[in-house]
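Asker: In my numbering, the protein residues as written are 15 to 240. Heads up, the beta-carbon is just placed ideally off N, CA and C, and yes, glycines get one too.
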Amino acid sequence: MRKVKKFKLTSEFIVDISGVKLFRIKALIEFGNVKAGDLGGYIEKEENLSHMGDAWVSDDARISGNAQVFGNAQVFGNAQVFGDAWVFGNARVFGNARVSGDTQVFGDARVFGNAWVSGNARVFGDAQVSGNARVSGNARVSGDAQVFGDARVSGDKDYAYAHGFGSCNRTTTFFRLKDGDVGVRCGCFYGTLAQFRDKVCETHGETKKAQEYLMLADLMEIRFKN
């Protein structure tokens with residue numbers, strides 16, 4: 015168990031939009047992929063980043079409020095974690111992503127791009143939230159789910175996923191879009207439910223795989239019907 019501090023707050027600081035000072039951190043010891051002397055991102059206070067584990071904040075990432083980053087979690091890029099949010103386990107938050115409220119991001123979850131996770135949401139397992147996706151409320155995004163693009167998930171009713179379909183037994187994720195339509199993420203495909211049907215027919219013709227995917231699309235149409 016590590017008994018020494020792994021970082022310190024330097025005198026370099028920025029002031030965030032709410033007027034709070036955030037201080038750049040500097041590693042005091044070697045841990046994970048971090049070397050002693052490496053400069054990290056910005057935090058408001060020591061309590062924002064654990065001295066235990068390999069958790070780290072780097073680049074221009076910002077942690078503030080009562081937010082906590084611990085375990086082996088990594089926050090980097092221009093990401094922001096604030097409010098009472100927790101990022102832990104092997105989670106990664108990066109890009110221009112924001113995590114706020116009472117959110118928890120953990121396990122091997124990834125939040126990136128311009129995604130925003132807020133409220134009491136939980137993102138965990140191998141789940142990914144990316145693009146311009148918004149996950150909020152009491153939503154729970156887990157497993158191998160990929161919430162992508164212009165997704166708007168404010169509760170469990172706004173997304174669903176199915177595993178074991180197609181030639182690679184991949185996970186296919188369905189979610190509400192900001193315009194009310196249903197988005198689909200399947201392998202490298204991302205589009206609406208109608209576009210998904212077209213792609214299935216184009217790729218798989220009249221095979222059993224196509225029938226399964228089309229039946230799944232029909233089920234999800236019913237699932238997301240207002």
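1) Between the C-alpha atoms of Val143 and Leu23, what's the straight-line distance to the nearest angstrom?
2) Determine the contact status of Ala147 and Ala129, defining contact as a CB-CB distance below 9 Å.
3) When you compare the CB positions of Ser114 and Phe96, do they come within less than 9 Å of one another, or not?
4) Only counting the same chain, and skipping five residues up and downstream in sequence, which positions put a Cβ closer than 6 Å to that of Thr206?
5) Would you report the Cα separation of Val101 and Gln82, rounded to the nearest angstrom?
6) Go through its chain and collect everything with a Cβ distance to Arg190's Cβ below 6 Å, but skip five positions before and after it.
7) Rounded to the nearest angstrom, how far is the Cβ of Lys20 from that of Leu53, given a contact under 8 Å?
8) Select from Ala208, Val155, Ile28, Asp158 the residue whose C-alpha is nearest the C-alpha of Met234.
9) Mind checking which residues open and close the alpha helix (DSSP H) that includes Ile236?
10) If you follow the alpha helix (DSSP H) that Val198 is in, where does it begin and where does it stop?
11) In whole angstroms, what is the alpha-carbon distance linking Thr185 and Phe210?
12) In terms of DSSP beta bridges, what is His177 paired with?
13) By alpha-carbon positions, which one of Ser168, Ala75, Phe37, Glu58 ends up nearest to Phe108?
14) Are the CB atoms of Arg136 and Gln160 nearer to each other than 9 Å?
15) What whole-angstrom Cβ distance do Ala105 and Gly127 have, given they're in contact under 8 Å?
16) Based on the DSSP secondary-structure assignment, which residues constitute the bridge partners of Gly205?
17) Within a Cβ cutoff of 6 Å, which residues of the same chain sit near Phe238, ignoring the five residues on either side of it in sequence?
18) Can you list, in chain order, the residues of its chain whose CB lies under 7 Å from that of Val125, leaving out five sequence neighbours each side?
19) At the level of alpha carbons, what is the spacing between Val18 and Leu36?
20) For Lys20, which of helix, strand or coil comes out of DSSP?
Answerer: A quick look at the data gives this:
1) If you take the alpha carbons of Val143 and Leu23, they lie about 30 Å apart.
2) At the C-beta level, Ala147 and Ala129 come within 9 Å of one another.
3) Yes, they are a contact pair.
4) The answer, listed in chain order, is Asp195.
5) In a straight line, the C-alpha of Val101 is about 6 Å away from that of Gln82.
6) Excluding sequence positions up to five before and after Arg190, its CB lies within less than 6 Å of the CB of Arg166, Asp172, all in the same chain and listed in chain order.
7) About 13 Å separates the CB atoms of Lys20 and Leu53; that is not less than 8 Å, and the two are not in contact.
8) Looking at the Cα atoms, Ala208 is the closest of the given residues.
9) For Ile236, the uninterrupted alpha helix (DSSP H) segment begins and ends at 222-237.
10) Counting along the chain, Val198 falls outside any alpha helix (DSSP H), though it belongs to the beta strand (DSSP E) covering 196-200.
11) Near 14 Å, if we compare the C-alpha coordinates of Phe210 and Thr185.
12) His177 is bridged to Thr185.
13) Considering only alpha carbons, the answer is Ala75.
14) In this structure, Arg136 keeps its C-beta atom at 9 Å or more from the C-beta atom of Gln160.
15) About 15 Å separates the beta carbon of Ala105 from that of Gly127, a gap too long to meet the 8 Å contact definition.
16) Partner(s): Val198.
17) Cβ within range, chain order: Val196.
18) So the list reads Val107, Ala111, Val113, Val119, Val131, Val137, Val143, once near-sequence residues are dropped.
19) Val18 and Leu36: Cα-Cα distance of roughly 23 Å.
20) Here Lys20 sits in coil by DSSP.
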